[in-house]
Ligand code: RB5
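In the numbering used here, the protein residues as written are 40 to 183.
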């Protein structure tokens with residue numbers, strides 16, 4: 040299951056992404072907002088709790104820049120959130136970082152690039168191998 044959320048800065052882009060997911064028949068859970076002004080850390084927490092609680096395996100978070108919401112998401116144990124801006128970053132954060140949350144900026148990224156990133160993020164498997172060790176080292180930082 041995919042879980043998605045945004046603040047007011049990401050709402051317009053979220054609507055474009057949801058339309059794309061609906062067209063493709065991809066199931067998702069939308070944790071808000073619905074266009075009203077909200078504090079992005081609260082949305083990051085709601086979305087990431089779904090992943091940590093194993094109700095979802097991947098998430099998408101959108102704020103104005105993608106940065107604030109990614110910083111908040113990365114405070115949560117078990118979350119590897121990546122701000123992506125193009126197909127390359129979306130692909131390699133799955134291949135090398137096993138990222139479970141794709142973040143983007145509604146005031147930065149257009150709808151065409153956004154849906155391309157979403158498709159790549161959902162379809163690309165973690166490469167494993169030497170990257171397993173590095174991802175394990177990231178996880179170990181959560182305990183320090
Ligand atoms: C909200 O105005 C804006 O600060 C937020 O969407 C985000 O860009 C923060 O990083």
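Glycine is no exception: its CB is placed at the ideal position from the N, C-alpha and C atoms.
All values derive from a computational prediction rather than experimental measurement.
When rounded, the separation of the alpha-carbon atoms in residue 54 and residue 69 is 10 Å. For residue 100, the closest alpha carbon among the candidates 75, 131, 47 is that of 47.
Using a 10 angstroms sphere on the CB of residue 148, the tally of other CB atoms reaches 16 or more, which defines it as buried. Looking at the backbone, the Cα of residue 66 and that of residue 43 are separated by about 11 Å. Note that the C-beta distance between residue 140 and residue 119 is below 9 Å. When DSSP states are grouped into helix, strand and coil, residue 144 belongs to the strand group.
In the DSSP assignment, residue 157 falls within the alpha helix (DSSP H) that extends over 150-162.
Judged by beta-carbon spacing, residue 152 lies within the 9 Å limit of residue 126, meaning their Cβ atoms are closer than that value.
Contact check for residue 74 against residue 82 fails: the beta carbons are separated by 9 Å or more. Boundaries of the alpha helix (DSSP H) around residue 175: 169-180.
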